[in-house]
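Protein chains in written order, with full-length UniProt numbering: chain A, 1 to 412; chain B, 1 to 412.
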């Protein structure tokens with residue numbers, strides 16, 4: 001089973017947009033066990049597109065075309081594939097109704113070409129577009145290559161792939177079993193160490209499979225079980241997760257593709273009804289801004305200070321002049337005073353502080369990447385931890401923020 | 001002159017990394033006036049790679065291969081192209097010395113395969129790798145297709161393309177004239193309006209050419225002049241910029257590819273020796289964190305507060321209880337009090353404040369996207385401006401931060 005992805009769009013060849021669609025689809029195909037041998041990009045040009053389709057047809061079992069389903073004269077994908085297959089285009093009445101209704105309701109003028117978006121290749125399955133107008137197509141070729149056509153805008157392509165296309169592909173190529181995935185998320189352990197600790201599991205994987213992905217500052221493992229029933233899959237996944245947790249459980253903070261350390265922490269704070277405030281020096285507001293990215297965080301996050309300068313540390317937090325002078329701004333004592341002070345000032349349950357050297361040059365004789373994080377929890381003794389991060393300004397700040405979140409997670 | 005880009009790497013086909021290299025190269029080729037008709041991705045597999053090379057050779061004048069120049073057994077690009085061309089691989093002594101020196105200095109053990117990175121195709125030009133070990137290649141084919149080989153890591157590929165390959169391509173294909181580019185940066189005007197205002201210039205463009213690029217919240221115009229001398233090019237670019245400035249000059253904030261509104265503002269503050277502090281509600285520290293991303297900002301940025309809750313507004317900024325009760329947290333009065341208070345508390349020349357509705361639900365009867373920005377400048381009357389942004393939480397915050405920077409720019 002070999003698939004191939006063709007992205008259609010001159011704007012990709014001009015370097016105006018990045019072809020993230022191919023990445024999205026390729027990753028999900030890999031998870032399903034479908035090999036992608038080729039990806040290509042071709043402009044909005046019928047003869048070049050037709051040649052690409054012929055070549056793909058000759059070497060792949062499934063050809064996925066992304067883009068070119070819209071209403072403009074540049075959009076040629078459906079028409080070209082239909083021509084190649086010797087098929088007509090016919091109308092999807094639901095999609096057509098949606099288009100007509102939209103123009104009726106908004107009072108805008110519908111031009112003839114808008115209707116093109118509701119056409120699909122005869123003898124294929126029309127795929128509903130939840131977030132736009134252009135329908136997708138899945139054409140199952142009894143004696144040849146299959147075709148899947150998806151719209152170009154990622155906001156339309158992604159839901160169509162996940163909700164419409166993926167179940168169809170599953171049914172078409174793996175109808176004797178079902179796939180179930182579980183994503184485990186890790187922080188504080190690098191990909192290579194994680195993989196080493198799980199080496200025998202990964203090398204010996206058959207069912208479930210284990211796929212590690214590394215991001216800048218975290219690693220995820222996608223476990224995928226193939227089975228006849230959901231119960232059986234859950235059981236397989238539970239067993240494997242248990243074995244993984246035995247070895248690296250302390251680094252695991254959550255589940256799911258659409259999750260993050262900050263989302264998990266905010267959820268826990270809400271559940272435990274704990275409020276939080278922060279005092280930031282080197283991170284300059286990035287920790288609080290990260291909290292602020294979570295919708296509904298106002299339930300637990302009250303605010304804080306950004307004490308970038310020593311003056312601000314004294315003025316806004318009453319960090320003692322003595323401490324700054326004798327211990328330094330980047331010190332355990334300053335971190336603790338900052339955390340305690342912001343917590344007291346705002347009357348929260350938790351106060352966290354960040355002070356360190358973001359670079360480009362060392363500070364108070366301490367190298368770039370040195371960071372103290374202070375944590376003050378109501379009723380407990382204030383603590384602080386020393387970290388040494390890589391020497392890139394951007395990464396030092398990002399890792400400091402994530403380490404702060406992890407510090408809270410381990411204290412809860 | 002048709003070029004084609006082939007990225008080599010199984011990790012792209014697995015969806016593990018995004019093919020940003022192709023975007024980077026395609027954009028620069030477009031700026032040079034070289035058309036890219038095809039892009040493709042092929043895995044680390046010799047026979048499939050060889051087929052792709054043959055096909056590309058048959059249809060393009062220049063084939064650019066990216067990736068597969070490293071030391072592992074997966075890295076096959078150089079070997080495969082050499083085989084296709086019927087050429088041997090020979091050693092680049094400078095590159096070899098660099099490799100040997102590295103292993104000598106670090107005390108690490110050099111394995112034989114590390115030397116592979118210093119090999120290049122005979123009768124081609126070896127391209128120096130400033131940030132890594134694998135040399136690139138440019139093979140000019142007297143009676144056929146030319147080949148350019150670049151390393152896969154973007155940190156190696158980008159400087160090699162810009163510093164080594166681009167001048168060679170310029171010389172090889174445009175030796176009768178030189179290209180000079182100037183990038184103009186705009187904020188506060190959308191791409192479509194900008195393009196409309198410059199429609200006649202864009203439609204009639206010959207030399208210089210005008211290429212607009214839209215990012216999330218800003219637009220850039222790349223002007224490219226082709227001429228026999230730099231003086232002539234500068235003159236052409238100056239004339240065009242003047243005409244553009246007449247029409248949309250108020251939205252133009254700076255120049256250059258590697259620039260941003262925040263970098264321009266920090267530079268101006270440094271030049272004018274003006275210090276700044278900030279009080280943020282809905283942006284939750286994102287404005288200050290954006291300042292903090294600029295190296296050396298501590299010269300002008302002292303700190304500030306994040307007053308996410310009303311309690312924090314009273315506690316940290318002494319915003320009057322009356323104002324919050326009668327005018328609301330999202331109001332002109334609160335914005336002004338916040339800006340003035342943070343400026344006074346930290347004794348800075350400028351104080352800026354952000355208060356608004358990030359969503360997901362409306363606040364105090366005001367819709368998501370409503371934002372007040374307050375600006376207090378020493379010796380001037382404090383002002384505030386009302387903005388209405390799109391209703392996506394992420395964008396509301398980002399646009400608020402950028403609008404705040406633009407507000408400062410216009411006041412300086």
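Quick reminder that beta carbons are idealized off the backbone N, C-alpha and C, glycines included. Fair warning: this is a prediction, and the values are worked out from it, not measured in the lab.
Item                                                                                                                                                                                               : Value
From B:302, B:45, B:276 and B:353, pick the residue whose C-alpha is nearest to that of residue 67 of chain B; which is it?                                                                        : B:45
Quick check: the Cα distance between residue 349 of chain B and residue 303 of chain A, rounded to an integer number of angstroms?                                                                 : 24 Å
Taking the beta carbon of residue 160 of chain B as the centre, do at least 16 other beta carbons fall within 10 Å, making it buried, or is it exposed?                                            : buried
Let me know the secondary structure DSSP gives residue 18 of chain A once reduced to three states.                                                                                                 : coil
Just to confirm my understanding: we take residue 297 of chain B, look at its own chain, exclude 5 residues before and 5 after, and list those with CB closer than 7 Å. What are they?             : 266 and 291
Please list the partners that residue 103 of chain A has in chain B, where partner means a Cβ-to-Cβ separation under 9 Å.                                                                          : Ordered by position in chain B, no residue passes the 9 Å Cβ test against residue 103 of chain A, which lies about 21 Å from the chain.
Have a look at residue 141 of chain A and residue 147 of chain A and give me their C-alpha separation to the nearest angstrom.                                                                     : 8 Å
So residue 77 of chain B and residue 69 of chain B are in contact, right, with Cβ under 8 Å, and what is the actual spacing, rounded?                                                              : 6 Å
Using the beta-carbon count (16 or more within 10 Å), is residue 405 of chain A buried or exposed?                                                                                                 : buried
Would you list, in sequence order, the uninterrupted alpha helix (DSSP H) runs of no fewer than 4 residues that lie entirely inside the stretch 24 to 84 of chain A?                               : 46 to 59
Is it true that the stretch 351 to 371 of chain B meets the stretch 393 to 405 of chain B, where meeting means three or more beta-carbon pairs spaced less than 8 Å apart?                         : yes
Should residue 381 of chain B be listed as close to the ligand GTP, given that the test is whether its C-beta is under 7 Å from any heavy atom?                                                    : Of the ligands one can find in the structure shown there are none, so the ligand GTP has no counterpart to examine.
Of all Cβ atoms in chain A, is any one closer than 8 Å to the Cβ of residue 366 of chain B?                                                                                                        : no
Hey, how far is the Cα of residue 84 of chain B from the Cα of residue 54 of chain A?                                                                                                              : 24 Å
Would you say residue 99 of chain B and residue 118 of chain B are within 8 Å of each other, going by their C-beta atoms?                                                                          : yes
Do the stretch 211 to 218 of chain A and the stretch 183 to 195 of chain A meet, that is, are 3 or more Cβ pairs less than 8 Å apart?                                                              : yes
Measuring CA to CA, which of B:39, B:43 and B:33 is closest to residue 12 of chain B?                                                                                                              : B:43
Say whether chain A places a C-beta atom closer than 8 Å to the C-beta of residue 360 of chain B.                                                                                                  : yes
When the Cα atoms are used, what is the spatial distance from residue 113 of chain B to residue 72 of chain B?                                                                                     : 7 Å
Counting contacts by CB-CB distance shorter than 8 Å, is residue 36 of chain B in contact with chain A?                                                                                            : yes
Verify the CB distance criterion: does residue 191 of chain B have a CB-CB separation below 8 Å to chain A?                                                                                        : no
When you compare the CB positions of residue 63 of chain A and residue 10 of chain A, do they come within less than 8 Å of one another, or not?                                                    : no
Report all residues from its chain with a CB closer than 7 Å to the CB of residue 277 of chain A; omit the five preceding and five following residues, and keep chain order.                       : 302, 303, 304, 342, 343, 346, 348 and 351
Does DSSP put residue 352 of chain A in a helix, a strand or coil?                                                                                                                                 : strand
For the candidate residues B:174, B:124, B:229 and B:272, whose alpha-carbon lies nearest to that of residue 300 of chain B?                                                                       : B:272
8 Å is my cut-off, CB to CB: does residue 298 of chain B come that close to chain A?                                                                                                               : yes
Alpha carbon to alpha carbon, how far is residue 416 of chain B from residue 33 of chain B?                                                                                                        : Residue 416 of chain B lies beyond the residue range present for chain B, which begins at 1 and ends at 412; the question has no answer from this structure.
Could you check whether the Cβ of residue 12 of chain B sits closer than 8 Å to any Cβ belonging to chain A?                                                                                       : yes
Less than 8 Å between CB atoms is the rule here; does residue 301 of chain A satisfy it with respect to chain B?                                                                                   : yes
Report yes or no: is there a C-beta of chain B within less than 8 Å of the C-beta of residue 175 of chain A?                                                                                       : no
So which of A:21, A:281, A:122 and A:101 has the shortest CA-CA distance to residue 115 of chain A?                                                                                                : A:101
Tell me the DSSP secondary structure of residue 301 of chain B in three-state form.                                                                                                                : strand
So for residue 88 of chain A, helix, strand or coil by DSSP?                                                                                                                                       : coil
Would you please verify whether the beta carbon of residue 222 of chain B is less than 8 Å from any beta carbon of chain A?                                                                        : no
Check the Cβ-Cβ distances between residue 307 of chain A and every residue of chain B, and say whether any is below 8 Å.                                                                           : yes
Assess, as a yes-or-no matter, whether the stretch 312 to 331 of chain A is touched by the stretch 326 to 334 of chain B under the definition of 3 or more beta carbon pairs within less than 8 Å. : no
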